[in-house]
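Residue numbers (the UniProt record's numbering): 1 to 395. In this text, a Cβ means the ideal position worked out from N, Cα and C, and glycines have one as well. Below: one structure, written as structure tokens.
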Amino acid sequence: MTDPPVPTADRLPETLTDRDQWVCWRSEQRDDKSTKVPIEPGGGYASATDPDTWRSLSVARDHAVDTGDAGVGFVFTDDDPLVGVDLDDCRDPDTGALSESADDIVEQLNSYTEVSPSGTGIHVIVAGDLPRGRNRRGDVELYDSARYFTVTGDRVDGTPDHVAERPEALAAVHSAYVAPDTSAASTSGSDAAASSASRSGKQGPGNRLSDADLIDRASDAANGPKFRRLWRGSTAGYPSHSEADMALCSLLAFWTGGDPDQMDRLFRESGLYREKWDEVHFSDGATYGERTIERAIARTDEYYDESSSEGWTPLAVTSAEDRASEQAAGSGDEGSVADTTGDALADLRAELAKLEQETERLREELAVERTRRKELERELAQQESSRLSRYLPWR
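What follows is the structure in structure tokens.
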């Protein structure tokens, strides 16, 4: 379908238009998939974590219109109270009818809601605090920072034209549509963890940290940003989802003291959890989740010690990831991953993309300058020929 027109400020809530958190976007093919890539107005690629690549709505809109970029987008940050609720594949593009779950979410949140560029999804923007824990399940995703929404201004009929403050409704939607089913998870989680513990050749000492306390400490540690990304379900910087799984399990092995029961329970609450976790993948009957936990514990050399850590913030976690980065390549273990390699590669790829964009821009400028120089040379030659003709009429 054709991209929707770039929205004007009068079609959008002031809560959004008053903030200089806007980028442009365009569709690009990456890994045989169409991806909505953020573009810095007047520059190269934008980043949802780099304010220097954001602009006001008017600047972003003018750039999108002038360059033909598909549209504009709004970046969510820790400095604003906004949460974006992204509902995919929930709308009939011909009739506008919403799925039952989408209709329920829209009704509960009762805030600014618009149709996505594809016409098959919707975006809801509310003011409130995003609950801790996973932020994605199925076609429902919630985020409050380091992400951006494509913005169309195509408001869903019957929804408010402003961003409403809905903390209680947001918590209810998160609980019903995103948070794991604790009753089912506790039953299957206990069974899986017990099996994992019995299979593991190595088990850590454990500790007395509650799940909530553990998440808080891991999130606030020196490598907390990495933990938070993985906990929310991001696989950015990792070659596969499985390697992101191992990265999170390695961190959990450290923080839980190698307790497979707690590791399994926590992983099921993370955004990385999927049905594959409980699938049997090995000839001895072990599931993918059991073996991932087993390997993470087996490769962890150091555990978090609550008794000796008052006032201490870990600079690093010695885990499967750290060891893998130091060991010779080619160990052959499924799911091993270097600790910082994934994140570094993601940063390098983003920087490379920006450099490629800048190089292309410089090439275009160089081509323009060359054309301009040739035109000047022709003009000078014509002027010289004309001047000589006046003095040498036989020419």
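Nearest-angstrom Cα distance between Leu-376 and Leu-366?
-> Separation of Leu-376 and Leu-366 (C-alpha to C-alpha, rounded to the nearest whole angstrom) is 15 Å.
Touch check for the region 95-105 and the region 58-70: three-plus C-beta pairs under 8 Å?
-> No, because fewer than three Cβ pairs between the region 95-105 and the region 58-70 fall closer than 8 Å, the two stretches do not touch.
Are three or more beta carbon pairs between the region 143-150 and the region 159-173 nearer than 8 Å?
-> Too few Cβ pairs lie closer than 8 Å, so no.
Straight-line Cα distance separating Ala-64 from Arg-136 | For Arg-136 and Ala-64, the gap between their C-alpha atoms comes out near 30 Å.
Nearest to Arg-166 by CA position, among Phe-74, Pro-131 and Val-151, is which residue?
-> Checking every option, the nearest Cα to that of Arg-166 belongs to Pro-131.
For Tyr-288 and residue 449, the rounded distance between their alpha carbons = The structure shown does not extend to residue 449, since the chain is modelled only from 1 to 395, so the question has no answer here.
Limits of the beta strand (DSSP E) - the one that Pro-38 falls within | 33-39 is the span of the beta strand (DSSP E), which, as asked, contains Pro-38.
Return yes when the C-beta of Trp-255 is under 6 Å from any heavy atom of the ligand NAP, and no when it is not.
-> The ligand NAP is not part of the structure shown, which contains no ligands of any sort.
Can you list, in chain order, the residues of its chain whose CB lies under 6 Å from that of Thr-256, leaving out five sequence neighbours each side?
-> Close CB contacts of Thr-256 within its chain, under the 6 Å cut and outside five residues either way in sequence, are with Gln-262 and Met-263 (chain order).
Three-state secondary structure assigned by DSSP to Thr-15 = Three-state result, Thr-15: helix.
According to the Cβ coordinates, are Arg-91 and Ile-125 closer than 7 Å?
-> With respect to Ile-125, Arg-91 sits apart: the two C-beta atoms are not nearer than 7 Å.
Apart from the five residues on each side of it in sequence, which residues of its chain come closer than 6 Å, Cβ to Cβ, to Ile-210?
-> Contrary to the premise, residue 210 reads as Ser rather than Ile in this sequence. Here the set comprises nothing.
N-terminal and C-terminal residue of the alpha helix (DSSP H) that Trp-255 is part of | For Trp-255, the enclosing alpha helix (DSSP H) covers residues 241-256.
Return the bridge partner residues of Phe-149 from the DSSP annotation.
-> Its beta-bridge partners are Phe-74.
Residues sharing a beta bridge with Tyr-112, DSSP = According to DSSP, Tyr-112 bridges with Ile-125.
Let me know the secondary structure DSSP gives Gln-29 once reduced to three states.
-> Reduced to three states, the DSSP call for Gln-29 is strand.
Helix, strand or coil: which one does DSSP assign to Arg-299?
-> In the displayed model, Arg-299 falls within coil according to three-state DSSP, outside both helix and strand.
Rounded to a whole number of angstroms, what is the C-alpha to C-alpha distance between Val-85 and Val-140?
-> Whole-angstrom Cα-Cα distance: 7 Å.
Where do the ends of the alpha helix (DSSP H) carrying Leu-214 lie?
-> 211-220 is the extent of the alpha helix (DSSP H) around Leu-214.
Looking at Thr-15 and Ala-9, is the spacing between their C-beta atoms short of 7 Å?
-> Judged by their CB atoms, Ala-9 and Thr-15 are not nearer to each other than the 7 Å cut-off.
Report yes if the CB atom of Leu-251 is closer than 7 Å to the CB atom of Phe-267, and no otherwise.
-> For Leu-251 and Phe-267, no; Cβs fall outside 7 Å.
According to DSSP, is Arg-137 helix, strand or coil?
-> Three-state result, Arg-137: strand.
Option nearest Gln-108 by Cα separation, candidates Asp-213, Pro-4 and Val-173 | Ranked by Cα distance from Gln-108, the first of Asp-213, Pro-4 and Val-173 is Val-173.
Shortest alpha-carbon distance to Ser-242 belongs to which of Ala-296, Asn-207, Leu-214 and Gln-29?
-> If you compare the alpha carbons of Ala-296, Asn-207, Leu-214 and Gln-29 with that of Ser-242, the shortest gap goes to Ala-296.
Taking the DSSP output, what are the residues bridged to Val-23?
-> DSSP output for Val-23 lists Gly-73 as bridge partner(s).
According to DSSP, what are the bridge partners of Thr-287?
-> In the DSSP assignment, Thr-287 is bridged to Val-280.
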